[in-house]
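Just so we're on the same page, the working numbering is the position in the sequence shown counted from 1, plus 37. Note that beta-carbon positions come from the ideal geometry of N, C-alpha and C, so glycine has one too.
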Amino acid sequence: MSQGGWGQPPGGGSGWGGGTGDPGDANPEVPPMPLGMPPGPAPGDPRMPLWSPFEALSFGWERFKSDPVTILGAVFVAYLLIGLPGMIAGGANAVYEKIEYPHGHPNPFDPISLAIQGTGMLGQSVASALITGGLTLFGLRIAKGEPYRFIDIFSRTDRFLTMFAIQQLTGLLVMMAGFPLIAPGVILALFWSLSILLAVDRGLGPIEAMTQSWKLTRGHKLDIFLFWLLVLGLMLLCTFCTCCLGFLVVDPVILVAFAFIYLRITGQPVASPQAPSVAVAD
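Quick look at the structure:
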């Protein structure tokens with residue numbers, strides 16, 4: 038149901054006990070801590086474990102429970118619109134093959150059939166680029182505890198070219214890296230996993246967003262990987278135990294949970310998990 042794009046990773050340093058680092062690493066915007074207290078992590082500092090995969094999913098679930106109708110409705114409509122071109126193309130192709138090959142065994146290289154499928158894929162990519170920016174903003178506002186509205190999912194169509202470029206660039210490069218071996222593709226996907234969020238939250242262009250994501254995910258790639266393993270487990274559970282109906286809940290939770298991860302990594306405040314929703318009537 039999710040469209041990748043609804044859907045990327047070495048660091049190190051001193052541990053929780055502190056330690057002496059290079060003076061040039063000090064953040065001038067962070068005031069010194071009183072003597073005897075452990076130093077807190079600077080915003081975006083990859084050396085400190087600011088979050089855990091379970092914490093992120095728990096946060097996403099609690100925020101979803103605070104306003105399930107608005108959150109579920111917005112995410113459902115967003116993914117429906119993203120998938121609509123593909124569904125229309127699939128239906129049109131099925132009708133064409135039924136007429137052209139009444140006895141079955143359609144030609145997999147039929148040019149008309151391939152053109153229909155290609156049009157559907159292109160339409161789905163365009164729809165994803167139009168919706169993804171607004172959907173990402175919607176998730177960020179929920180995670181921050183800011184007022185949000187159903188129509189937020191349509192509020193970033195002006196970022197269409199940026200969203201399209203990030204999705205196509207990261208998708209192509211990850212696919213190329215993962216073609217001979219899966220691992221390099223997975224690593225690149227983890228490196229660029231924050232690109233869309235950075236483009237929406239900070240207004241960055243595609244290359245700058247990908248570059249910043251590469252830097253910010255240092256020290257967090259393993260936790261991000263474990264987060265997506267947990268998500269995969271939830272999706273498999275939904276597939277086999279709820280006849281895919283569980284995706285209606287899992288997808289909104291993932292959206293907010295990954296926004297939480299981004300905010301933690303970049304050192305931004307997040308809402309209290311149990312705080313009441315601040316949805317604004319449209």
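> Does the count of Cβ pairs from the region 248 to 255 and the region 220 to 234 closer than 8 Å reach three?
Replying inline: The region 248 to 255, when compared against the region 220 to 234, does touch it at the 8 Å Cβ threshold.
> Ordered along the chain, which non-local residues of its own chain (more than five positions away) have a Cβ less than 7 Å from that of Ile149?
Replying inline: Translated into positions along the sequence shown, residue 149 becomes position 112. Contacts found: Tyr133.
> Considering only the beta carbon of each residue, do Gln249 and Glu99 sit closer than 8 Å?
Replying inline: Taking the sequence shown and counting its residues from 1, the one referred to as residue 249 is at position 212. Taking the sequence shown and counting its residues from 1, the one referred to as residue 99 is at position 62. No; because the gap between Cβ atoms is not below 8 Å, this pair is not in contact.
> In this structure, does DSSP put Ala308 in helix, strand or coil?
Replying inline: Translated into positions along the sequence shown, residue 308 becomes position 271. Three-state DSSP puts Ala308 in coil, outside helix and strand.
> Taking the C-alpha atoms as reference points, what is the distance between Leu271 and Val287?
Replying inline: Walking along the sequence shown from the start, residue 271 turns up at place 234. Walking along the sequence shown from the start, residue 287 turns up at place 250. C-alpha separation (whole angstroms): 7 Å.
> Between the region 95 to 109 and the region 287 to 297, do at least 3 Cβ pairs fall closer than 8 Å?
Replying inline: yes
> Around the Cβ of Gly141, are there at least 16 other Cβ atoms within 10 angstroms (buried) or fewer (exposed)?
Replying inline: Taking the sequence shown and counting its residues from 1, one reaches residue 141 at position 104. With fewer than 16 Cβ atoms within 10 Å of its Cβ, Gly141 is classed as exposed.
> What runs of the alpha helix (DSSP H), each 4 residues or longer, lie entirely inside the region 210 to 280?
Replying inline: With a minimum length of 4 residues, the continuous alpha helix (DSSP H) runs that stay inside the region 210 to 280 are 219 to 228, 232 to 239, 243 to 253, 258 to 278.
>> Gly170 and Met200 - do their beta-carbons sit closer together than 8 Å?
In response: Taking the first residue of the sequence shown as position 1, residue 200 is located at position 163. Taking the first residue of the sequence shown as position 1, residue 170 is located at position 133. Yes, the Cβ-Cβ distance between Met200 and Gly170 is below 8 Å.
> How long is the line joining the alpha carbons of Asp260 and Ser192, rounded to whole angstroms?
Replying inline: As a first step, residue 260 must be located in the sequence shown, where it is residue number 223. As a first step, residue 192 must be located in the sequence shown, where it is residue number 155. Rounded to whole angstroms, Asp260 to Ser192 spans 31 Å at the Cα level.
> My guess is that Ile203 and Gln161 are in contact by the Cβ rule of under 8 Å, so how many angstroms apart are they, rounded?
Replying inline: Sequence index remark: in the sequence shown, residue 203 carries index 166 (1-based). Sequence index remark: in the sequence shown, residue 161 carries index 124 (1-based). Not quite, the Cβ-Cβ distance comes to about 16 Å (not below 8 Å), so this is no contact.
> Run through DSSP, which three-state label would Ala316 get?
Replying inline: If you number the sequence shown from 1, residue 316 lands on position 279. Looking at Ala316 - three-state DSSP - the assignment turns out to be strand.
> If you draw a straight line from the C-alpha of Gly240 to the C-alpha of Gly176, how long is it?
Replying inline: On the sequence shown, position 203 is the one that residue 240 refers to. On the sequence shown, position 139 is the one that residue 176 refers to. Their backbone Cα atoms lie some 16 Å apart in a straight line.
> Which partner residues does Tyr185 have in the DSSP bridge list?
Replying inline: Residue mapping note: residue 185 aligns to position 148 of the sequence shown, counting from 1. Partner(s): Ala316.
> What is the DSSP secondary structure of Ser192, reduced to helix, strand or coil?
Replying inline: Residue numbering aside, residue 192 sits at position 155 when the sequence shown is read from its first letter. Note: Ser192 maps to coil in three-state DSSP.
> Per DSSP, what kind of secondary structure is Ile120 in: helix, strand or coil?
Replying inline: Here residue 120 is taken as the residue at index 83 of the sequence shown, counted from 1. Position check: residue 120 holds Gly in this sequence, whereas Ile was assumed. Helix, per DSSP.
> Can you name the start and end residues of the alpha helix (DSSP H) that Phe297 belongs to?
Replying inline: Against the sequence shown, residue 297 aligns to sequence position 260. Its alpha helix (DSSP H) spans residues 284 to 302.
> According to the neighbour-count rule (16 or more other Cβ atoms, all chains shown, within 10 Å of its Cβ), is Val307 buried or exposed?
Replying inline: On the sequence shown, residue 307 is found 270 positions in, with the first residue counted as 1. So Val307 ends up on the buried side.
>> Once DSSP output is grouped into helix, strand and coil, what is the label at Ser162?
In response: In the sequence shown, the residue the question calls residue 162 occupies position 125. Here Ser162 sits in helix by DSSP.
> If you draw a straight line from the alpha carbon of Glu183 to that of Ser309, how long is it in whole angstroms?
Replying inline: Taking the sequence shown and counting its residues from 1, the one referred to as residue 183 is at position 146. Taking the sequence shown and counting its residues from 1, the one referred to as residue 309 is at position 272. Cα-Cα distance, rounded: 11 Å.
> At which residues does the alpha helix (DSSP H) containing Gly97 begin and terminate?
Replying inline: Start at 1 with the first residue of the sequence shown, and residue 97 comes out as number 60. 90 to 103 is the extent of the alpha helix (DSSP H) around Gly97.
> Between the Cα of Val293 and the Cα atoms of Ser165, Leu266, Thr173, which residue gives the shortest distance?
Replying inline: For the purposes of this step, residue 293 is taken as residue 256 along the sequence shown, with counting starting at 1. Ranking Ser165, Leu266, Thr173 by Cα distance to Val293 puts Thr173 first.
> Under the three-state reduction of DSSP, which class applies to Gly155: helix, strand or coil?
Replying inline: Against the sequence shown, residue 155 aligns to sequence position 118. Here Gly155 sits in helix by DSSP.
> Beta-carbon separation of Gly110 and Gly157 under 8 Å?
Replying inline: Position 73 of the sequence shown holds residue 110. Position 120 of the sequence shown holds residue 157. Cβ distance not < 8 Å, so Gly110 and Gly157 don't count as in contact.
> Leaving out the 5 sequence neighbours to the left and right, which residues in its chain are closer than 7 Å to Phe113 when beta-carbon positions are compared?
Replying inline: Locating residue 113 in the sequence shown gives position 76, counting from the first residue. Excluding sequence neighbours, Phe113 sits near Leu285.
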